[in-house]
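Going down the list, the sequences are from chains E and D. If you're matching positions, the first sequence starts at 1 in the numbering used here and goes up one per residue. If you're matching positions, the second sequence starts at 170 in the numbering used here and goes up one per residue.
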Amino acid sequence: MTVSTELELKSFVLLRLGERRFAVAADHTAELVSPSRVFSFPHRTPGIEGVILRRGRIVPVCDVAEKLIGTRLTTRRFYLIALRRYGQRMEWVAIPVTGECELINAELTAASASDEPHVAAWLSHGGDVIEVLNLDALTPGLETLRVGFVAASQPGAETDCGREAEARP
Amino acid sequence: MPSPAPEKPGTLRAEQIILFRIGEQLFALSSSSVQEVRGADSLSGGAREITAPGIDKVRQFVRRGPNTLFLVNGAGHFGLAAPEGILAFVLRNTRTALLVDGIERMTTMTRLQALPLSFCHEERQWYRGLTALDQTVVPVVRPEGFLSDKELMMLDAALPPRDASREETDIELEAEASTDTNLGRELN
């Protein structure tokens, strides 16, 4: 009996951070936008610069460069708007990148147990072996929420993110 | 383009808000949450010192009849480098008098977007959400988020015995009667 492995090509967006390239599943990306004004306000979550306004939505800007290449970005050319899963919900996050993004089709190699949590898989492209990013592990979210804040985030639509909370007098 | 969640149709109702500043930072607060706006000096004139370990943002309290109000330094609460505010918002249904630098203006918001789930620390208690006003994003503060139950317990424990002079209590009650203001109604 022969076991054949069916190789499936999948679509990815290649993004550039400094000299390195990383990949995100294309079906988890929304668009690439020019840098716009970042609105900042006090908060205590590391890795979030602030928020941008995009299509009427408020989108957090998550600089993942420090985790991935060990340094913060000093220049940025675009924000890659990607989808980040929070349990059953999906929300947009804006990831600053330093160059053009590229849409490619590639085969995946599964990540191993020894890989970092943010590595969802690997792909080979243009002679490079490139990490496919797991944004859920790379960007902050409620899974890192301390117990004391869970209660505050549960009731009502106002903190049930992804849903627009209606202003109530 | 994938979208995380469809916009919900429905009639949006306007909510009147006060835009205020602490240092350079703009915040919004529902006007119905504000019971009084006072000069910090007039409020702290009858205030007494308090020191609770780990709660540096509160250094004074005011007794009002059976109740005690804690003066919360807004800059200290949010970790902003700004001097102590010169205005005090007495927040309705709380024991907080919030010290801020000034009122920017009053306006209305028609949409409050939940704080994105990427924000996952104290700010989830601080803010009801975010609103976009004139192409600017403003955090809408949660009145009850300035002092947690644990902090209130610690502050209560640090209060001196209730031996305040009769005169002080009377003055404060009188002041309360004369300045109690529902901004939501009066400035509408």
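Note that the Cβ used here is the ideal one computed from N, Cα and C, for glycine as well.
Are the C-beta atoms of residue i and some chain E residue less than 8 Å apart?
| i | result |
| --- | --- |
| D:T305 | yes |
| D:Q204 | no |
| D:A197 | no |
| D:E292 | yes |
| D:Q229 | no |
Residue i versus chain D: which residues are under 9 Å apart at the beta carbon?
| i | result |
| --- | --- |
| E:P117 | Going along chain D, no residue has its Cβ under 9 Å from E:P117, so there is no contact; the nearest lies around 16 Å. |
| E:I95 | Correct list: empty, because the minimum Cβ distance to chain D is about 11 Å. |
| E:T98 | By Cβ distance, chain D contributes nothing, its closest Cβ being about 21 Å from E:T98, past 9 Å. |
Is residue i near the ligand GDP, judged by its Cβ being under 7 Å from some heavy atom?
| i | result |
| --- | --- |
| D:L286 | Absence of the ligand GDP is noted for the structure shown, with no ligands found whatsoever. |
Using the beta-carbon count (16 or more within 10 Å), is residue i buried or exposed?
| i | result |
| --- | --- |
| E:V61 | buried |
| E:N134 | buried |
| D:E291 | buried |
| E:L9 | exposed |
| E:E66 | exposed |
| D:Q229 | buried |
| E:N105 | exposed |
| D:T305 | exposed |
| E:T75 | exposed |
| D:T220 | exposed |
| D:S213 | buried |
| E:P117 | exposed |
Would you mind stating whether residue i and residue j have Cβ atoms separated by less than 8 Å?
| i | j | result |
| --- | --- | --- |
| D:R264 | D:L240 | no |
| D:Q282 | D:L299 | yes |
| E:R54 | E:I81 | yes |
| E:V33 | E:Y79 | yes |
| D:L398 | D:A209 | No answer is possible for residue 398 of chain D: it lies beyond the span of chain D, which begins at 170 and ends at 357. |
| E:R77 | E:D136 | no |
| D:C289 | E:G141 | yes |
| E:A25 | E:E131 | no |
| D:A197 | D:V269 | no |
| D:R192 | D:A244 | The amino acid occupying residue 192 of chain D in the given sequence is Gly; Arg does not appear at that position. For D:G192 and D:A244, yes; Cβs fall inside 8 Å. |
| E:T98 | E:L68 | no |
| E:T139 | E:V64 | yes |
| D:V203 | D:I224 | no |
| D:G302 | D:M278 | Per the sequence presented here, residue 302 of chain D reads as Leu, with Gly not at that position. Yes, the Cβ-Cβ distance between D:L302 and D:M278 is below 8 Å. |
| E:L103 | E:H28 | no |
| D:R311 | D:R297 | yes |
| E:D128 | E:R21 | yes |
Verify the CB distance criterion: does residue i have a CB-CB separation below 8 Å to chain D?
| i | result |
| --- | --- |
| E:L14 | no |
| E:F39 | yes |
| E:V132 | no |
| E:Y86 | yes |
| E:I104 | no |
| E:V24 | no |
| E:C62 | yes |
| E:G141 | yes |
| E:T45 | yes |
| E:I48 | yes |
For residue i, go through chain E and note every residue whose CB falls closer than 8 Å to its CB, in chain order.
| i | result |
| --- | --- |
| D:E253 | Residues of chain E passing the Cβ test: none, with the nearest at roughly 16 Å. |
Which residues in chain E have a C-beta closer than 7 Å to the C-beta of residue i? List them in chain order.
| i | result |
| --- | --- |
| D:P308 | F41 |
| D:S247 | Strictly speaking, residue 247 of chain D in this sequence is Phe, with Ser absent from that position. Those are P42, listed as they occur along chain E. |
Let's see if you can read the secondary structure: which residues bound the alpha helix (DSSP H) around residue i?
| i | result |
| --- | --- |
| D:S213 | 209 to 213 |
| D:H246 | 243 to 247 |
| D:Q294 | 292 to 295 |
| E:E66 | 65 to 69 |
Need the endpoints of the beta strand (DSSP E) that residue i sits in, please.
| i | result |
| --- | --- |
| D:D325 | It is not in any beta strand (DSSP E) - D:D325 instead sits in the alpha helix (DSSP H) that spans 318 to 327. |
| D:D270 | That residue, D:D270, is in no beta strand (DSSP E); it is neither H nor E in DSSP. |
| E:I48 | 48 to 54 |
| E:K10 | 10 to 17 |
Starting from the beta carbon of residue i, find every residue of chain E whose beta carbon is closer than 9 Å, and list them in chain order.
| i | result |
| --- | --- |
| D:L299 | F39, F41, V51, I58 |
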